[in-house]
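So the structure is just underneath, and the comments pick up after that.
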Amino acid sequence: MVKVGWNKTEMAQKVAADIFDGAYVNLGIGMPELVADHIPEGIEAIYHTENGLLGMGTVPGETKKDPELINAGKKCVTAIPGACYFHHADSFTMIRGGHIDICVLGALQVSESGDLANWSTGAPNAIPAVGGAMDLIAGVKSIFVITQHNTKDGQAKIVKACTYPLTGKGVVNCIYTDLAIIDVKKEGLFVREMGPNVDFAYLQERTEAQLFQ
Amino acid sequence: MINKITASAAESVKDIFDGAIVMIGGFGEAGSPIELIHALIDQGAKNLTVVSNNTGSGHVGLAALIEQRRVAKMICSFPRTANSTVFPELYTRGEIELELVPQGTLAERIRAGGAGIPAFYTPASVNTPLAEGKEVRNFKGVDYVMEYGIKADFSLVKAKAADRYGNLIYNKTARNFGPIMCTAAKTAIVQVQEIVEAGAIDPEVIVTPGIFVKRVVEVKQPQHESVLVAEERKYPW
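Chains A and B supply the protein sequences, listed in that same order.
Sequential numbering of the first sequence, starting at 12, is according to our numbering.
Sequential numbering of the second sequence, starting at 2, is according to our numbering.
What follows is the structure, given as structure tokens:
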């Protein structure tokens with residue numbers, strides 16, 4: 012079978028390749044967490060986790076787990092030499108105050124004007140939960156979205172207008188999917204790179220929003 | 002002589018009254034003052050408004066307080082967590098009120114409350130359902146939502162060490178909401194693993210100055226929520 016597009020590891024590598032030396036980076040829960048494993052040699056990124064740690068390190072071994080040293084996904088992590096701890100208001104001063112360079116988030120939908128919906132499907136019986144997503148997209152300098160190009164049942168996630176409740180309006184800078192890397196510009200969505208065996212027609216067919224080359 | 006040390010968790014929470022606004026520290030289990038919450042359950046105060054990032058997990062700590070029907074309203078950012086069933090079930094049945102707040106807005110509302118700031122404007126939640134009904138104001142071409150500071154009657158916080166003045170240091174990411182919650186409550190109650198002599202903590206590294214703290218109680222070996230949840234423990238036991 013011909014391989015179409017990138018796998019999750021390759022997607023994480025693509026995001027990691029756009030992280031610059033010295034960047035302060037906040038990684039969302041889930042697929043964004045994979046990015047840290049693929050930072051190119053010679054690039055130093057400092058990871059921020061909104062529950063109060065700058066300088067998050069790798070996942071600890073089973074015996075070194077500390078329930079009071081966790082990330083935003085409430086998983087045990089480590090702190091690098093040179094890390095620091097701080098309280099929540101300081102943590103969101105870093106976020107909202109524009110001190111974090113890059114945030115990598117997952118998405119339910121992204122619109123052609125860069126609107127992001129990633130916290131709620133608006134289902135009437137769902138328990139609403141937002142966490143720090145709205146603060147991150149309001150304050151971090153560059154917002155990268157990493158997501159499958161389509162939902163499991165083939166629906167477009169890159170849409171003309173989000174139908175789910177918004178996390179923020181006009182906030183996404185770049186979308187990394189299994190099929191393509193798409194830059195969000197004032198004039199619209201521009202395809203920067205396509206995955207293996209993906210052509211523009213194939214990509215547009217799987218995208219509700221208008222794409223440009 | 003100033004001495005904020007109380008003899009027991011029960012003693013430290015005895016005056017929490019029905020209808021009080023209570024801030025509870027912690028992000029997930031990190032920093033959750035389980036022994037103080039259990040003392041509050043034993044004490045019996047009800048109809049509480051609780052301000053906390055999450056809603057607890059399993060049937061211990063904050064989840065147990067909610068399960069015992071002591072909480073009328075939660076103000077939080079993320080009421081769903083792994084192993085969290087108590088709050089979602091009550092909420093689905095319409096038996097507990099929820100005020101959902103973006104996490105940074107929650108932190109800033111607490112900070113503002115403690116700092117004597119009644120309200121402020123934030124860019125978070127603009128153009129979203131969480132800004133509905135709130136004042137929006139434009140500063141230099143950008144829209145911001147007005148949010149109110151929150152003050153509490155009591156805060157329950159977990160820290161690592163304290164002295165008799167209430168000066169505190171914390172442990173790693175268990176710090177989270179603790180320092181700001183101490184500032185925002187009339188009565189901040191703090192459980193610590195160790196009470197030390199005044200002067201034993203270097204003044205340069207004190208995180209919460211004692212002025213913000215009313216009571217400290219030593220809990221040498223605090224329980225871990227994740228362990229209790231794994232053992233399927235249920236409070237009261």
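Ideal Cβ positions, reconstructed from N, Cα and C, are used throughout, including at glycine.
Buried or exposed by the 16-neighbour rule on C-beta atoms within 10 Å, applied to residue i
i, result
"Pro204 of chain B", "exposed"
"Met42 of chain A", "buried"
"Gly234 of chain A", "Because chain A in this structure spans residues 12 to 224, residue 234 of chain A falls outside the shown range and cannot be described."
"Ala153 of chain B", "buried"
"Gln120 of chain A", "buried"
"Thr95 of chain A", "The displayed chain sequence assigns Cys, not Thr, to residue 95 of chain A. Exposed."
"Lys25 of chain A", "buried"
"Arg70 of chain B", "exposed"
"Thr178 of chain A", "buried"
"Asn136 of chain A", "exposed"
"Met22 of chain A", "buried"
"Glu216 of chain A", "exposed"
"Lys5 of chain B", "buried"
"Gly142 of chain B", "exposed"
"Ile3 of chain B", "exposed"
"Val149 of chain B", "For the record, residue 149 of chain B in the displayed sequence is Tyr; it is not Val. So Tyr149 of chain B ends up on the exposed side."
"Asp19 of chain B", "exposed"
"Thr69 of chain A", "exposed"
"Asn18 of chain A", "exposed"
"Asp210 of chain A", "exposed"
"Gln222 of chain B", "exposed"
Neighbourhood of residue i by C-beta distance below 8 Å, restricted to the same chain and skipping five residues each side
i, result
"Ile97 of chain B", "Ile67, Val72, Ala73, Lys74, Met75, Phe88, Leu91"
"Val145 of chain B", "Looking at the sequence shown, residue 145 of chain B is not Val but Tyr. So the qualifying residues of the chain are Tyr122, Thr123, Pro124, Val127, Val137, Arg138, Asn139."
"Gly181 of chain A", "Ser124, Gly125, Asp126"
8 Å contact criterion, which residue i and residue j should meet: CB distance rounded
i, j, result
"Pro103 of chain B", "Ala120 of chain B", "About 16 Å; that fails the 8 Å criterion."
"Pro34 of chain B", "Val158 of chain B", "6 Å"
"Gly206 of chain A", "Gly66 of chain A", "Incorrect: roughly 33 Å between the Cβ atoms, too far for contact."
"Lys135 of chain B", "Met147 of chain B", "6 Å"
"Ile111 of chain B", "Ile151 of chain B", "6 Å"
"Gly117 of chain A", "Ile91 of chain A", "With 8 Å as the limit, Gly117 of chain A and Ile91 of chain A do not qualify as a contact, their Cβ atoms being about 25 Å apart."
"Leu63 of chain B", "Gly57 of chain B", "3 Å"
"Pro78 of chain A", "Ser227 of chain B", "6 Å"
"Ile106 of chain A", "Gly150 of chain A", "5 Å"
First through last residue of the alpha helix (DSSP H) which encompasses residue i
i, result
"Ile196 of chain B", "Counting along the chain, Ile196 of chain B falls outside any alpha helix (DSSP H), though it belongs to the beta strand (DSSP E) covering 186-196."
"Val26 of chain A", "19-28"
"Tyr213 of chain A", "211-216"
"Ser78 of chain B", "Run containing Ser78 of chain B: none; DSSP gives neither H nor E here."
"Leu41 of chain B", "35-44"
"Ala112 of chain B", "The displayed chain sequence assigns Arg, not Ala, to residue 112 of chain B. 104-116 is the extent of the alpha helix (DSSP H) around Arg112 of chain B."
"Asp101 of chain A", "99-107"
"Met12 of chain A", "Run containing Met12 of chain A: none; DSSP gives neither H nor E here."
"Val46 of chain A", "That residue, Val46 of chain A, is in no alpha helix (DSSP H); it is neither H nor E in DSSP."
"Leu68 of chain B", "Note that residue 68 of chain B corresponds to Glu in the displayed sequence, not to Leu. That run of the alpha helix (DSSP H) goes 62-68."
"Val182 of chain A", "Careful: Val182 of chain A lies outside any alpha helix (DSSP H) and carries neither H nor E."
"Glu100 of chain B", "First-last for Glu100 of chain B: 98-101, but that is the beta strand (DSSP E), not the alpha helix (DSSP H)."
"Ala90 of chain A", "It is not in any alpha helix (DSSP H) - Ala90 of chain A instead sits in the beta strand (DSSP E) that spans 90-96."
"Met145 of chain A", "144-150"
Contact set for residue i: own chain, Cβ-Cβ below 6 Å, skip 5 residues either direction
i, result
"Ala31 of chain B", "Thr174, Ala175"
"Ser13 of chain B", "Thr7, Ile190, Arg216, Val218"
"Gly27 of chain B", "Ser33"
"Ile54 of chain A", "Asp32"
"Ala27 of chain A", "Val46, His49, Ile50"
"Glu44 of chain B", "One point to set straight first is that residue 44 of chain B is Gln, not Glu, in the sequence displayed. Taken in chain order, the residues that qualify are Val14."
"Ala172 of chain A", "Ser122"
Residue i: first and last residue of the uninterrupted beta strand (DSSP E) it sits in
i, result
"Leu190 of chain A", "That residue, Leu190 of chain A, is in no beta strand (DSSP E); it is neither H nor E in DSSP."
"Thr86 of chain B", "Where Thr86 of chain B is concerned, there is no enclosing beta strand (DSSP E), given that its DSSP letter is neither H nor E."
"Met205 of chain A", "199-205"
"Leu131 of chain B", "Counting along the chain, Leu131 of chain B falls outside any beta strand (DSSP E), and DSSP gives it neither H nor E."
"Asp154 of chain B", "153-163"
Neighbourhood of residue i by C-beta distance below 7 Å, restricted to the same chain and skipping five residues each side
i, result
"Ala199 of chain B", "Asp164, Arg165, Tyr166"
"Tyr175 of chain A", "Leu119, Gln120, Ala128, Ser131, Thr132, Gly133"
"Gly105 of chain B", "Ala125"
Proximity test, Cβ basis, 9 Å: residue i and chain C
i, result
"Pro207 of chain A", "Annotation note: the requested chain C is absent from the structure, which comprises protein chains A and B."
Practice task
Output, in sequence order along the chain, the residues in the stretch 171-184 of chain B whose CB is closer than 8 Å to any CB in chain A.
Solution key: Within the stretch 171-184 of chain B, the residues whose Cβ lies closer than 8 Å to some Cβ of chain A are Tyr171, Asn172, Lys173, Thr174, Ala175, Arg176, Asn177, Phe178, Gly179, Pro180, Ile181, listed in chain order.
Exercise for the section: Scan the stretch 216-232 of chain B for residues whose Cβ lies nearer than 9 Å to a Cβ of chain A and list them as they occur along the chain. Expected result: Answer in chain order: His225, Glu226, Ser227, Val228.
Exercise for the section: Determine which residues of the stretch 19-30 of chain A have a Cβ less than 7 Å from any Cβ of chain B, and write them out in chain order. Expected result: Residues of the stretch 19-30 of chain A with a Cβ closer than 7 Å to any Cβ of chain B: none.
Handout entry: Chain-ordered residues of the stretch 86-98 of chain B with a beta carbon less than 9 Å from chain A
Key = Here the close residues are Phe88, Pro89, Tyr92, Thr93.
Practice task
With 9 Å as the limit, tell me which residues of the stretch 148-159 of chain A have their beta carbon closer than that to any beta carbon of chain B; keep them in chain order.
Solution key: Taking 9 Å as the cut-off between beta carbons, the residues of the stretch 148-159 of chain A near chain B are Ile148, Ala149, Gly150, in sequence order.
Practice task
Compile a chain-ordered list of the residues in the stretch 116-139 of chain B whose CB is closer than 8 Å to at least one CB of chain A.
Solution key: Correct list: Thr123, Pro124, Ala125, Ser126, Val127, Asn128, Thr129, Pro130, Leu131.
Practice task
Taking only beta carbons into account, state which residues of the stretch 156-167 of chain B come closer than 7 Å to chain A, listed in chain order.
Solution key: Flagged: no residues at all.
Problem - Contact list for the stretch 5-26 of chain B against chain A, Cβ threshold 9 Å - result: Under the 9 Å Cβ criterion, the stretch 5-26 of chain B contributes no residue.
Practice task
Give, in chain order, every residue of the stretch 86-108 of chain A whose Cβ lies closer than 8 Å to some Cβ of chain B.
Solution key: Flagged, chain order: Ala90, Tyr96, Phe97, His98, His99, Ala100, Ser102, Phe103, Ile106, Arg107.
Handout entry: Chain-ordered residues of the stretch 31-44 of chain A with a beta carbon less than 7 Å from chain B
Key = The residues in question: there are none.
Exercise for the section: Taking only beta carbons into account, state which residues of the stretch 73-86 of chain B come closer than 8 Å to chain A, listed in chain order. Expected result: Contact residues of the stretch 73-86 of chain B toward chain A are Ser78, Phe79, Pro80, Arg81, Thr82, Ala83 (C-beta to C-beta distance below 8 Å).
Handout entry: chain B contacts made by the stretch 173-188 of chain A, where a contact means CB separation under 8 Å
Key = Answer in chain order: Pro176, Leu177, Thr178, Gly179, Lys180.
Problem - Residues of the stretch 52-69 of chain A with Cβ closer than 9 Å to any Cβ of chain B, in chain order - result: Going along the stretch 52-69 of chain A in chain order, one finds Thr60, Glu61, Asn62, Gly63, Leu64 with a Cβ nearer than 9 Å to chain B.
Problem - Interface residues of the stretch 188-212 of chain B facing chain A [CB-CB below 8 Å] - result: Within the stretch 188-212 of chain B, the residues whose Cβ lies closer than 8 Å to some Cβ of chain A are Val208, listed in chain order.
Problem - chain A contacts made by the stretch 51-71 of chain B, where a contact means CB separation under 7 Å - result: Cβ contacts with chain A: none found.
Exercise for the section: Report the residues of the stretch 26-43 of chain B with a CB closer than 9 Å to any CB of chain A, ordered along the chain. Expected result: For the stretch 26-43 of chain B, the set of positions with a beta-carbon nearer than 9 Å to some beta-carbon of chain A reads Phe28, Gly29, Glu30, Ala31, Gly32 in chain order.
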